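First comes the structure, then the notes that go with it.
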Amino acid sequence: VATYTRAFAEAFNAFYRECRVLEAPDETRAARLAVVLASRNTAANALGVLGIGALESM
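Numbering (the numbering used here), first residue to last: 2 to 59.
Given below as structure tokens:
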């Protein structure tokens, strides 16, 4: 699970670095925000399995 969590975080970071979220056109922004929310939930769940609390914000 730790390896998956790290790989997932790296993949999300690549997405976030390459894809503008808030500056995107409306439909694209909505889709990208959905990806961000799903990623947040996935990361929090994976960290929870490892017994690590997720940050609320950075």
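Glycine residues also receive a C-beta, built at the ideal position from the N, C-alpha and C atoms. Every value quoted in this text rests on a predicted model; they were computed, and no experiment measured them.
Original post:
Given residue 6, which residues of its chain have a CB within under 8 Å of its CB, disregarding the five upstream and five downstream residues?
Top reply: Locating residue 6 in the sequence shown gives position 5, counting from the first residue. Excluding positions up to five away in sequence, the list reads 44, 47, 48 and 51.
Original post:
Going by C-alpha distance, which of 56, 12 and 55 is nearest residue 36?
Top reply: The count along the sequence shown starts at 1 and reaches residue 36 at position 35. With distances taken between Cα atoms, residue 36 lies closest to 12.
Original post:
Is it the case that the Cβ atoms of residue 39 and residue 33 are separated by a distance below 8 Å?
Top reply: The count along the sequence shown starts at 1 and reaches residue 39 at position 38. The count along the sequence shown starts at 1 and reaches residue 33 at position 32. No, they are not a contact pair.
Original post:
If you follow the alpha helix (DSSP H) that residue 28 is part of, which residue opens it and which one closes it?
Top reply: Reading the sequence shown from its first residue, position 27 is the one you call residue 28. Residue 28 -> alpha helix (DSSP H) spans 27-50.
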